[in-house]
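A.B. asks: First the structure, which I've put down as structure tokens, then a few questions once you've had a look.
Number of protein chains: 2
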Amino acid sequence: MAVNLTAPVHLYPVKGVRLGVAEAAIKKPGRNDLLVIELAAGSKVAGVFTQNAFAAAPVQLCRTRLTGAVSIHALLVNAGNANAATGETGLHDARALTAVLAHAMGCAAEAVLPFSTGVIGQRLPVERMAAALPHALAGLHADGWQEAARAIMTTDTVPKGSSRRVLTSEGEISVTGIAKGVGMLCPDMATLLAFIGTDARLTPEAVRQCLHTATAVSFNCVTVDGDTSTNDSAVLFATGQIGTQNIGPTHPDYPSIAAAVTEVCVELAQAVVRDGEGATRFVTLKVIHALDVKEARQVAYAVAHSPLVKTALFAGDANWGRLVMAVGKAGVPGLTPGDVSLALEGVKVLERGEPHPSYREEMGTAVLAKPEYTITIDLHRGDAAATIWTCDLSYDYVKINAEYRT
Amino acid sequence: MAVNLTAPVHLYPVKGVRLGVAEAAIKKPGRNDLLVIELAAGSKVAGVFTQNAFAAAPVQLCRTRLTGAVSIHALLVNAGNANAATGETGLHDARALTAVLAHAMGCAAEAVLPFSTGVIGQRLPVERMAAALPHALAGLHADGWQEAARAIMTTDTVPKGSSRRVLTSEGEISVTGIAKGVGMLCPDMATLLAFIGTDARLTPEAVRQCLHTATAVSFNCVTVDGDTSTNDSAVLFATGQIGTQNIGPTHPDYPSIAAAVTEVCVELAQAVVRDGEGATRFVTLKVIHALDVKEARQVAYAVAHSPLVKTALFAGDANWGRLVMAVGKAGVPGLTPGDVSLALEGVKVLERGEPHPSYREEMGTAVLAKPEYTITIDLHRGDAAATIWTCDLSYDYVKINAEYRT
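Residue numbers (my numbering), protein chains in the order written: chain A, 266 to 671; chain B, 266 to 671.
Structure representation (structure tokens):
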């Protein structure tokens, strides 16, 4: 059902990164649902996380460990259980599992970052997961990105990965990322689960800056259903295995590496929407000529979150009145109908509040029949703009989420 | 499909109010879709309207006419077309139709308030509507509330009405109201279409105060899908046909009359949610011990608008993790999981962020299997509270809105 999305064909290995998966039967048996990512010594790591007040136990531990003194050596990821809203017990479980993995890898527990995704409010099956760890460790290999992308899926229908190579002054480096997430998806400052690695020799500051820049124009610009998960996490790690010079934000190689990270993140973020729960359309929403970016995003999200807009997109119904309704309810101070123009791809529908004289219903229907298109909302108020990506609301969204735990 | 809702059995006539309907085939033929409400001379009228920036043409005219010098003599209501996002042409059409009605009734055009509901962005069929007006006028009668409630329906499945009688110092007065609306429904300061009449001799100030008090605890406390219509309007009219004393807000009879108006509005608002598009559950959401009412409402609406919560309610799935997720994403500053307790009816699920030791899945499932229940979220932060009413998100919501214009 995913919109113009297929599994990644090739993901470049990242020198200094090995990945291994295992089946722990966390929610159901019959699939790999546990992933270990091992990072070479000296790797620099940065993360961004959910702003949901009920941040899950693993998110809380990640925040602490990323600001601690111990260098990160491994990431432990599971699908099927979010370990969220589990109170002190959940923190205890996450600490215990990372300690087991740390012991097997010969590092401190604080060198392991935990990530969980799945059902909220249930305890992790700690014993089953611990028992599966040796299998994941035995399988660690540099070409494990594809199966890693599969192991972290929940209701995803397609594994999500993206990869770039960049020629730097000291040789070719790789940027490879994987992500999961299709619902409870409106990342705020962070996102879903996304893991992006590079073997470039980035400084800690460069890693942070790369990730924040990329997140702002990728994961923070997508929404499936407006629900912000308790577990959103995006992590960038740089193993520094290629080259000898440290690359900070002012190094000549930095812009091209940062651009590759951003490209990978945008492709992953778009993949998440293309595979949005029940999605049949992939829609780019552009709000232009807003007073500021905040206003532009406010309007874009009001449209993207409107159930009436989303069901019309599903039907391929050019019911542009619903777009107008959603713009009007966005709560932009002083916005009047006379400010607003609307276009579906190149088709002008509304011009400063008045129906465009050239518009005919079949022109709009032709655009909305496509699986992928752009809606442009012009506010005629200023110079700011925002672009976000979203999908429609179909029967299958309801089906998937009504039957999620059965 | 409506949840515990049947058509009103008896609606008391309101002295000084006559109602008449007609078929103008506005969207489709075969039903009455035009309503005229005639008010006796001297009636006092107040209205509250949508805060959507794209307020429809009739809403714009109502606002002007209610603050003008001419007393209101009639209301002209149509279903099937919202006359919204129609620019200057839409204003022209609404003015023309009210002028035709005014001419036939022998009053000024400014004495007629127009109301429209239905598809956005299409012109009213002015000629067909004008041609149907004589039939509506010929049929004006005091017992027309029931058929009026039917004539204003769009995707409503049940007509909505509520009625009370109140004994005052000068005799028995009636309060009767009708409403429509099942989707694009998250009124902000106003609502859907609701018309409430009384024959009490209320002063203009008392009419306004009655309506605003009632709206705050009724129409402004319901949401079906979080989408705020361009046409929301609620109007209270007092014909003053019973009694001789003017009843202002300090008159001894005022509290009991105001209470009856509030009761009627609450019943109408709840009826709208019970008949919410595709609704299979009627859910009362209580947020208690918030710092202030704004915070309480913010949390309540975050929960009520979450598609994941709504699909779980549809499924009767006690997936309380989604409730917790929605509370967490509400954006309440400083809220921590340790602040939050959660109960389904009397069943304690979460106690200050920790799963309640006595909770078992089947207890939650038993509550959510019912068509109607209360969810209580305790924030343990202060003394403020809010109650709102909402419904679930079902296949039929998607079906109704994907096929709305076909």
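The beta carbon of each residue, even a glycine, is placed where N, CA and C say it ideally should be.
Taking a cut of 9 Å between CB atoms, which residues from the segment 589-604 of chain B lie near chain A?
C.D. replies: Correct list: 589, 590, 591, 592, 593, 594, 595, 596, 597, 599, 600, 601, 602, 603, 604.
A.B. asks: Leaving out five residues on either side along the sequence, give the residues of the same chain with a beta carbon under 8 Å from the beta carbon of residue 585 (chain B).
C.D. replies: The answer, listed in chain order, is 607, 609, 614, 615, 629.
A.B. asks: Helix, strand or coil, according to DSSP, for residue 323 (chain A) in the structure here?
C.D. replies: In this structure, residue 323 (chain A) counts as helix in the three-state DSSP scheme.
A.B. asks: Who does residue 283 (chain A) pair with in a DSSP beta bridge?
C.D. replies: Its beta-bridge partners are A:303.
A.B. asks: Per DSSP, what are the beta-bridge partners of residue 653 (chain B) in this structure?
C.D. replies: Beta-bridge pairing links residue 653 (chain B) to B:550.
A.B. asks: Short of 8 Å in beta carbon distance, which residues of its chain neighbour residue 356 (chain B), apart from the five on each side in sequence? Order them along the chain.
C.D. replies: Contacts found: 322, 325, 326.
A.B. asks: Looking at residue 286 (chain A) and residue 694 (chain A), is the spacing between their C-beta atoms short of 8 Å?
C.D. replies: No statement about residue 694 (chain A) is possible, as the shown extent of chain A runs from 266 to 671 and does not include it.
A.B. asks: Tell me which residues share the same chain as residue 491 (chain B) and place their Cβ nearer than 8 Å to its Cβ, disregarding the 5 neighbours each side in the sequence.
C.D. replies: Hits under 8 Å: 451, 566, 569, 570.
A.B. asks: Identify the continuous beta strand (DSSP E) that holds residue 429 (chain B) and give its terminal residues.
C.D. replies: 425-433 is the span of the beta strand (DSSP E), which, as asked, contains residue 429 (chain B).
A.B. asks: Give the secondary structure of residue 644 (chain A) by DSSP, where H, G and I count as helix, E and B as strand, and everything else as coil.
C.D. replies: Looking at residue 644 (chain A) - three-state DSSP - the assignment turns out to be coil, as it is neither helix nor strand.
A.B. asks: In whole angstroms, give me the CA-to-CA distance for residue 640 (chain B) and residue 633 (chain B).
C.D. replies: Whole-angstrom Cα-Cα distance: 10 Å.
A.B. asks: Just how far apart, CA to CA, sit residue 468 (chain B) and residue 315 (chain B)?
C.D. replies: Answer to the nearest angstrom: the Cα atoms are 24 Å apart.
A.B. asks: Need the endpoints of the alpha helix (DSSP H) that residue 527 (chain A) sits in, please.
C.D. replies: Note, residue 527 (chain A): alpha helix (DSSP H), 519-539.
A.B. asks: By Cβ distance below 6 Å, which residues in the same chain neighbour residue 643 (chain A) in space, the five residues on each side in sequence not counted?
C.D. replies: So the qualifying residues of the chain are 553, 554, 606.
A.B. asks: Beta carbon of residue 656 (chain A), beta carbon of residue 564 (chain A): below 8 Å?
C.D. replies: No. Outside cutoff.
A.B. asks: Going by C-alpha distance, which of B:407, B:418, B:385, B:319 is nearest residue 598 (chain A)?
C.D. replies: Closest by alpha carbon: B:319.
A.B. asks: The segment 470-488 of chain A: which residues have C-beta closer than 9 Å to a C-beta of chain B, in chain order?
C.D. replies: Within the segment 470-488 of chain A, no residue has a Cβ that lies closer than 9 Å to any Cβ of chain B.
A.B. asks: Just how far apart, CA to CA, sit residue 305 (chain A) and residue 376 (chain A)?
C.D. replies: Roughly 12 Å between the two C-alpha positions.
A.B. asks: Is the distance from the Cβ of residue 647 (chain B) to the Cβ of residue 518 (chain B) below 8 Å?
C.D. replies: No.
A.B. asks: So the candidates are B:477, B:295, B:334; which of them puts its Cα closest to the Cα of residue 307 (chain B)?
C.D. replies: When each option's Cα is compared against that of residue 307 (chain B), the closest is B:334.
A.B. asks: Find the residues of chain B that neighbour residue 223 (chain A), judging by a C-beta separation of less than 9 Å, and give them in chain order.
C.D. replies: As shown, chain A starts at 266 and ends at 671. That puts residue 223 (chain A) outside it, with no answer to give.
A.B. asks: Name, please, each residue of chain B whose Cβ falls closer than 9 Å to the Cβ of residue 419 (chain A).
C.D. replies: None at all; the shortest Cβ gap to chain B is about 13 Å.
A.B. asks: Suppose the cutoff is 6 Å on Cβ atoms and the five residues either side in sequence are ignored; what does the same chain contact list for residue 289 (chain B) look like?
C.D. replies: 298, 299, 393, 394, 397, listed in sequence order.
A.B. asks: Tell me whether the beta-carbon of residue 658 (chain A) lies closer than 8 Å to the beta-carbon of residue 663 (chain B).
C.D. replies: In contact: residue 658 (chain A) and residue 663 (chain B) (Cβ atoms closer than 8 Å).
A.B. asks: Is the number of C-beta pairs between the segment 430-448 of chain A and the segment 461-481 of chain A that are closer than 8 Å three or more?
C.D. replies: Flag = yes, the segment 430-448 of chain A and the segment 461-481 of chain A touch.
A.B. asks: Would residue 587 (chain A) pass as an interface residue toward chain B - the criterion being a Cβ-Cβ separation below 8 Å?
C.D. replies: At least one chain B Cβ lies under 8 Å of residue 587 (chain A).
A.B. asks: Within this structure, are the beta carbons of residue 498 (chain B) and residue 530 (chain B) separated by less than 8 Å?
C.D. replies: No.
A.B. asks: Assuming residue 347 (chain B) contacts residue 360 (chain B) (C-beta within less than 8 Å), just tell me the rounded distance between them.
C.D. replies: Not really, about 16 Å apart at Cβ, beyond 8 Å.
A.B. asks: Once you ignore the five residues that flank residue 454 (chain B) on each side, which residues in its own chain have a CB closer than 7 Å to its CB?
C.D. replies: At residue 454 (chain B) the pLDDT is 34, less than 50, meaning the model places this residue with poor confidence and gives no usable figure here.
A.B. asks: How about residue 454 (chain A): is its C-beta nearer than 8 Å to some C-beta of chain B?
C.D. replies: For residue 454 (chain A), the predicted structure reports a pLDDT of 33, less than 50, and the residue's modelled location is therefore unreliable. The matter cannot be settled from this model.
A.B. asks: CB-CB under 8 Å to residue 604 (chain B), same chain, minus the five flanking residues each way: which ones, in chain order?
C.D. replies: Once the five neighbours on either side are set aside, the close Cβ partners of residue 604 (chain B) are 617, 618, 644, 645, 646.
A.B. asks: Please tell me whether residue 384 (chain A) has its Cβ less than 8 Å away from any Cβ of chain B.
C.D. replies: Chain B, which has a Cβ nearer than 8 Å to the Cβ of residue 384 (chain A), makes this yes.
A.B. asks: What are the boundary residues of the alpha helix (DSSP H) that residue 612 (chain B) is part of?
C.D. replies: Element bounds for residue 612 (chain B): not the alpha helix (DSSP H) but the beta strand (DSSP E), 612-616.
A.B. asks: Using a C-beta to C-beta distance shorter than 9 Å, which residues of chain B count as neighbours of residue 615 (chain A)?
C.D. replies: 350, 352, 386, listed in chain order.
A.B. asks: Could you pull the start and end residues of the beta strand (DSSP E) that residue 503 (chain B) belongs to?
C.D. replies: That run of the beta strand (DSSP E) goes 498-503.
A.B. asks: Starting from residue 606 (chain A), find everything on chain B with Cβ-Cβ shorter than 7 Å and list it in chain order.
C.D. replies: None at all; the shortest Cβ gap to chain B is about 12 Å.
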